[in-house]
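Visitor: First the structure, then my questions, so here it is.
Protein chains: 2
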Amino acid sequence: MNATPSTSHDDLTGRARIRDAALGVFAEHGVKGATVQAIASAAGVSTGLIRHHFGSKEGLRAACDAHAIGALLDEARRSLEEDAAAPGFAAAMYQSSEASARYLARALVEGSRSASDLFDAGTAMAERFLSERWPDRYPPGARSTRDAAAVMGAMHLGTLVLHTHLSRGMGADSLDPEHAPRVGAAMVGIYTTMADFFADEQGQRISDALSDGDAPSSDPREHS
Amino acid sequence: MNATPSTSHDDLTGRARIRDAALGVFAEHGVKGATVQAIASAAGVSTGLIRHHFGSKEGLRAACDAHAIGALLDEARRSLEEDAAAPGFAAAMYQSSEASARYLARALVEGSRSASDLFDAGTAMAERFLSERWPDRYPPGARSTRDAAAVMGAMHLGTLVLHTHLSRGMGADSLDPEHAPRVGAAMVGIYTTMADFFADEQGQRISDALSDGDAPSSDPREHS
DNA sequence: TAGTTTGCTACACGGACGTGTAGTCTGAGG
DNA sequence: CCTCAGACTACACGTCCGTGTAGCAAACTA
Chain A
0 MNATPSTSHD
10 DLTGRARIRD
20 AALGVFAEHG
30 VKGATVQAIA
40 SAAGVSTGLI
50 RHHFGSKEGL
60 RAACDAHAIG
70 ALLDEARRSL
80 EEDAAAPGFA
90 AAMYQSSEAS
100 ARYLARALVE
110 GSRSASDLFD
120 AGTAMAERFL
130 SERWPDRYPP
140 GARSTRDAAA
150 VMGAMHLGTL
160 VLHTHLSRGM
170 GADSLDPEHA
180 PRVGAAMVGI
190 YTTMADFFAD
200 EQGQRISDAL
210 SDGDAPSSDP
220 REHS
Chain B
0 MNATPSTSHD
10 DLTGRARIRD
20 AALGVFAEHG
30 VKGATVQAIA
40 SAAGVSTGLI
50 RHHFGSKEGL
60 RAACDAHAIG
70 ALLDEARRSL
80 EEDAAAPGFA
90 AAMYQSSEAS
100 ARYLARALVE
110 GSRSASDLFD
120 AGTAMAERFL
130 SERWPDRYPP
140 GARSTRDAAA
150 VMGAMHLGTL
160 VLHTHLSRGM
170 GADSLDPEHA
180 PRVGAAMVGI
190 YTTMADFFAD
200 EQGQRISDAL
210 SDGDAPSSDP
220 REHS
């Protein structure tokens, strides 16, 4: 009767087929853009069966949230309670399926409780990571620390949410496990390269201008 | 009769009010989730007037694309044709209104021709920026260069697309011109800090693992 | 002043979609 | 053999929403 327990003990059944189909259709067209008819067709069942199993479209969406994000969220919260830096969380994110990743990307934009909680958990982990390792630059609880943690979360998840455009630019599916490491490698390269840039004279001017509160004039690509 | 030319010579009129209202409703609920009735109510007009001015819902969407993204796209393309690094483009992005930024964020996820073109233009600028400044690390046309440019674009635009979550984490609207510079400042800090991290012993291991093609095990927050 | 265009509204049509209902089939338990 | 529960389907209902039509009032033209 409850939704979460039967997420994986019962797979291959109609219920699981519907959920997997919904994951894909929701990810591609959004919750509003997806129709139960399209999901039913993709799963090879009738619309009535969806209602039978999930009660309503919103119930199906909640089940998708629980399946695609719930496990990640649990892992993230477990990592936050432990003292050690999260080994399980990163592993869980990596082994989450491509379909779940696409769904999560949509959920982050369309607004989902689970997705928001996951973002907040990631931000909390980033804040602890920063303030434990560089307590002088990122004092725990300071505004600059919270800013940096939130921006870091947004930047990293940006590669997930914008995977369509990212894949187009890379010439390969950025969510495919075969190509995904290229994203991480590129990020490391960007970090070191941009650090050099902002240490230079011109980059320093931009950095100073940003600290003052006005826009720079020659930074290629800044957020809106 | 044609749609694009009258985007700004005629403001304050009903047409402009509809367009501005649509920008907000589309940004908040998505194109599918938005109803012409809701847009009409927000603009204080009837649904018939929307049809009179824009022909259809899709026509209104195209007008929103042209208004919110067209100017940015023109500026980006102009910057790409010139040799100098884009001063006008960054300035245009900064002075684009908050409503346009929200709309662009949605358009990037829901799929819009203009938004995709803008992402590609930004990626092209980033690629030129990288390969001109560090030709040894980022040779023009190399796969690693294209990867880095695309990832850089996705990361920077991630702070725009995920502005809802980012604002929650920062405790202030990240799109508000008053608080937006904090985002840029945080990014600069993250670049320098993470460069230090990846230069360390532990970070080096992660960096090496990413270059090999398998997932690391202790990086807090990696893309899916 | 008559005619035309333009901005705008009210209202109805038709289709799509979420939801509700009744019913069939299969398999397990007594 | 009976029955009862669960999986599953077919079909109808009601509503929402995009679209189409008709028409009014003001402004501009001649």
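These protein sequences, in sequence, are chains A and B.
Be aware that the first sequence starts at 0, since it is given in numbering that gives the first Met the number 0, and climbs by one per residue.
Be aware that the second sequence starts at 0, since it is given in numbering that gives the first Met the number 0, and climbs by one per residue.
We put the beta carbon where it would ideally sit given N, CA and C, even for glycine.
A quick note: this is a predicted structure, and the numbers were derived from the prediction, not measured.
Say whether chain B places a C-beta atom closer than 9 Å to the C-beta of Ile38(A).
Guide: For Ile38(A), the answer is no, since every Cβ of chain B falls outside 9 Å of its Cβ.
Visitor: Going along chain A in order, which residues have a C-beta closer than 7 Å to the C-beta of Pro189(B)?
Guide: It should be pointed out that residue 189(B) corresponds to Ile in this sequence rather than to Pro. Those are Ala147, Val150 and Met151, listed as they occur along chain A.
Visitor: Hey, is the stretch 164-179 of chain B in contact with the stretch 141-152 of chain A, meaning 3+ C-beta pairs nearer than 8 Å?
Guide: These segments touch.
Visitor: Cβ atoms of Ala67(B) and Ala37(B): under 9 Å apart, would you say?
Guide: In this structure, Ala67(B) does not lie closer than 9 Å to Ala37(B) by Cβ.
Visitor: Assuming the contact rule is C-beta atoms closer than 8 Å, Ala107(B) and Leu156(B) should be a hit. Round their C-beta distance to whole Å, please.
Guide: A small correction: the amino acid at residue 107(B) is Leu; Ala does not occupy that position in the sequence shown. So it is a contact: roughly 6 Å between Cβ atoms.
Visitor: Looking at the structure shown, is His178(A) part of a helix, part of a strand, or coil, going by DSSP?
Guide: Note: His178(A) maps to coil in three-state DSSP.
Visitor: What does the Cβ neighbour count give for Ala198(B), buried or exposed, with the cut at 16 atoms within 10 Å?
Guide: The residue is exposed, with fewer than 16 neighbouring Cβ atoms inside 10 Å.
Visitor: Output the boundary residues of the alpha helix (DSSP H) element that contains Asp66(B).
Guide: For clarity, residue 66(B) is His in the given sequence; the question names Asp instead. Neither: His66(B) is in no alpha helix (DSSP H) and is coded neither H nor E.
Visitor: With burial defined as no fewer than 16 other Cβ atoms inside 10 Å of the residue's Cβ, what is the status of Ala141(A): buried or exposed?
Guide: Exposed.
Visitor: How many whole angstroms separate the CB atoms of Leu72(B) and Ser113(B), which I take to be in contact at a CB cut-off of 8 Å?
Guide: Indeed they touch by this definition, with Cβ atoms about 6 Å apart.
Visitor: Which residues of chain A have a Cβ atom closer than 8 Å to the Cβ of Leu107(B), listed in chain order?
Guide: Within 8 Å Cβ-Cβ: Leu161 and His164.
Visitor: If contacts are defined as beta-carbon pairs under 8 Å, then Thr158(B) and Met154(A) qualify, I think. What distance do you get, rounded to the angstrom?
Guide: Right, the Cβ-Cβ distance comes to about 6 Å (below 8 Å), so this counts as a contact.
Visitor: Given this structure, state the Cα-to-Cα distance separating Lys224(A) from Lys31(B), to the nearest angstrom.
Guide: Summary: the structure shown does not reach residue 224(A), with chain A confined to residues 0 through 223, and so no result is reported for it.
Visitor: Under 8 Å, with one C-beta from each stretch per pair, do the stretch 188-198 of chain A and the stretch 179-199 of chain B reach the 3-pair mark?
Guide: Contact holds: three or more Cβ-Cβ distances are below 8 Å.
Visitor: Give the residues of chain B in contact with Lys31(A), contact being defined as C-beta atoms less than 7 Å apart.
Guide: Result: Gly29, Lys31 and Gly32.
Visitor: Please tell me whether Asp213(B) has its Cβ less than 9 Å away from any Cβ of chain A.
Guide: Low confidence applies here, because Asp213(B) scores a pLDDT of 46, under 50, leaving its location unreliable and the question unanswered by this model.
Visitor: Along chain A, in chain order, which residues have C-beta atoms closer than 7 Å to that of Phe241(B)?
Guide: Examination of residue 241(B) is not possible in this model, given that chain B is present from 0 through 223 alone.
Visitor: Please report the distance separating the alpha-carbon of Val35(B) from that of Gly43(B).
Guide: If I take the Cα positions, the gap works out to 12 Å.
Visitor: First and last residue of the alpha helix (DSSP H) that includes Tyr102(A)?
Guide: Taken as a continuous stretch (DSSP letters only), the alpha helix (DSSP H) holding Tyr102(A) covers Glu97 to Glu109.
Visitor: In chain A, which residues lie less than 8 Å from Phe197(B) when you measure between Cβ atoms?
Guide: Within 8 Å Cβ-Cβ: Val187, Tyr190 and Thr191.
Visitor: In chain order, what residues of the same chain lie with their CB nearer than 8 Å to the CB of Ile17(A), ignoring the 5 residues before and after it?
Guide: Hits under 8 Å: Ile38, Ala39, Ala42, Val44, Leu48, Ile49, His52, Phe53 and Leu59.
Visitor: Using the Cα positions of Ala91(B) and Ala21(B), report the straight-line distance between them to the nearest angstrom.
Guide: Each residue's alpha carbon lies about 22 Å from the other.
Visitor: Short of 8 Å in beta carbon distance, which residues of its chain neighbour Arg76(A), apart from the five on each side in sequence? Order them along the chain.
Guide: Closer than 8 Å at the Cβ level, and outside the excluded window around Arg76(A), lie Ala120.
Visitor: For a test of the three-state rule: what should DSSP assign to Thr81(B), helix, strand or coil?
Guide: It should be pointed out that residue 81(B) corresponds to Glu in this sequence rather than to Thr. Coil at Glu81(B), not helix or strand.
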